[in-house]
Amino acid sequence: MSSEFERLEASVASVREVSDFKPRVGVVLGSGLGGFAERIDVVANVPYERIAGLSTSTVEGHAGRLLLGHVAGVPIVAMDGRVHLYEGYSPADVVAPVRLLGLLGAKTLILTNAAGGVASALEPGDLMLITDHIATLVPSPLAGPHEPELGSRFSDMSDVYAPRLREIVHEAARGLDIELKEGVYLQMPGPAYETPAEVRMAATLGADAVGMSTAIEAVAAHAMGFEVAGISCITNKAAGLSPTPLSHEEVQSVAARVSTAFAALLANLIARLGASPHPEAQMARLQSPEPS
Ligand code: HPA
Numbered sequence: 004m005s006s007e008f009e010r011l012e013a014s015v016a017s018v019r020e021v022s023d024f025k026p027r028v029g030v031v032l033g034s035g036l037g038g039f040a041e042r043i044d045v046v047a048n049v050p051y052e053r054i055a056g057l058s059t060s061t062v063e064g065h066a067g068r069l070l071l072g073h074v075a076g077v078p079i080v081a082m083d084g085r086v087h088l089y090e091g092y093s094p095a096d097v098v099a100p101v102r103l104l105g106l107l108g109a110k111t112l113i114l115t116n117a118a119g120g121v122a123s124a125l126e127p128g129d130l131m132l133i134t135d136h137i138a139t140l141v142p143s144p145l146a147g148p149h150e151p152e153l154g155s156r157f158s159d160m161s162d163v164y165a166p167r168l169r170e171i172v173h174e175a176a177r178g179l180d181i182e183l184k185e186g187v188y189l190q191m192p193g194p195a196y197e198t199p200a201e202v203r204m205a206a207t208l209g210a211d212a213v214g215m216s217t218a219i220e221a222v223a224a225h226a227m228g229f230e231v232a233g234i235s236c237i238t239n240k241a242a243g244l245s246p247t248p249l250s251h252e253e254v255q256s257v258a259a260r261v262s263t264a265f266a267a268l269l270a271n272l273i274a275r276l277g278a279s280p281h282p283e284a285q286m287a288r289l290q291s292p293e294p295s
């Protein structure tokens, strides 16, 4: 049986057939946030179908391509479109693109998503910096045979969302006069939205927002040694907290309304990361093969 790492080496080789570009920052663009792609000076655009070992997204609003290029002069790689557990993919399939970003050279990872607000302070259209997550309701991407090339198995999870990065995201938001809230993200399995009882459960568990992605990616990325930041666009009040029923269209339309501010925040954050890169020493756990 071939290992996950071998599968990812094949993915790296597919990207390297197109470009030897070495990114420093990886970005995952969530539902309706693909507009950020326009801010990238694209060097290479690689559709997921052309990358060995990657699954393609079946969800509307998720493009399914890897973009390599510069934002504010900083070399980045963006995953425009992610795959989810609820599409029927395995945990390893779902985190393969994030691991690929690391193997391509990215050391800092910015995860974005659309989420439902559980905390009463969160309104549709708000941006929420993820301070911590609850991933207990979804399978771990680290379960199974241990592959040291993909990082530690028994990860310390005290600071998955790096405090240093969180401070930089706040500085970026202040600089742009964007209000940035903070909270704990809980990943639900989906694909149906939660019941009001599940939303009350989420609140009791300490969650401020619920979504169907991100935490599983953050677990894999943190184990690899990535410095991780997560930002949610609150597209709706979670079920039972709003008089109107939820719909994917509402999620997409609120995400689209906020996408200009969100894209500006990401670009400003990346520019700041250019000035204060991730200390290389902390990436010792990530064995990143150099592009040939
Ligand atoms: N629940 C789960 N995922 C979501 C929601 C929600 O209310 N809104 C956007 N993604």
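Here this note's numbering is used: the first residue of the sequence shown is 4, the next is one more, and so on. The C-beta atom is built at its ideal place from N, Cα and C for all residues, glycine as well.
| Query | Result |
| --- | --- |
| Under 8 Å, with one C-beta from each stretch per pair, do the segment 16-24 and the segment 163-180 reach the 3-pair mark? | no |
| Might you give, ordered along the chain, the residues of its own chain that have their beta carbon closer than 6 Å to the beta carbon of Tyr51, omitting 5 neighbours on each side? | Leu57, Thr59, Gly67 |
| Please report the straight-line C-alpha distance between Val15 and Ala55, rounded to a whole angstrom. | 8 Å |
| For the ligand HPA, which residues count as neighbours when the test is a C-beta closer than 6 Å to any heavy atom? | Ala117, Ala118, Gly119, Met191, Tyr196, Glu197, Val213, Gly214, Met215, Thr238, Asn239, Ala241, Leu249, Val254 |
| What is the DSSP secondary structure of His87, counted as helix, strand or coil? | coil |
| In this structure, does DSSP put Leu268 in helix, strand or coil? | helix |
| At the level of alpha carbons, what is the spacing between Glu197 and Ala241? | 8 Å |
| Looking at the strands, I want to know which residues DSSP matches up with Ile137. | Leu189 |
| Kindly indicate which three-state DSSP category Gln290 falls into: helix, strand or coil? | The pLDDT assigned to Gln290 is 46, lower than 50, so where the model puts this residue is not dependable, and the model offers no usable value. |
| The alpha helix (DSSP H) spanning Pro127 covers which residue range? | Per DSSP, Pro127 belongs to no alpha helix (DSSP H) and is neither H nor E. |
| For Ala347, which residues in the same chain have their Cβ closer than 7 Å to its Cβ, ignoring the five residues on either side in sequence? | Nothing can be reported for residue 347: it is not among the residues displayed for the chain, which extend from 4 to 295. |
| Would you kindly work out how many angstroms separate the C-alpha atoms of Gln285 and His225, rounded to a whole number? | The predicted model places Gln285 with a pLDDT of 47, which falls under 50 and marks its position as unreliable, so this point remains unresolved. |
| Report the option in Phe265, Pro144, Gly37 whose CA atom is closest to the CA atom of Lys184. | Phe265 |
| Taking Arg68 as part of the beta strand (DSSP E), name the residues at either end of that continuous run. | 68-74 |
| Suppose you measure from the CA of Glu220 to the CA of Val98; what does that come to, to the nearest Å? | 5 Å |
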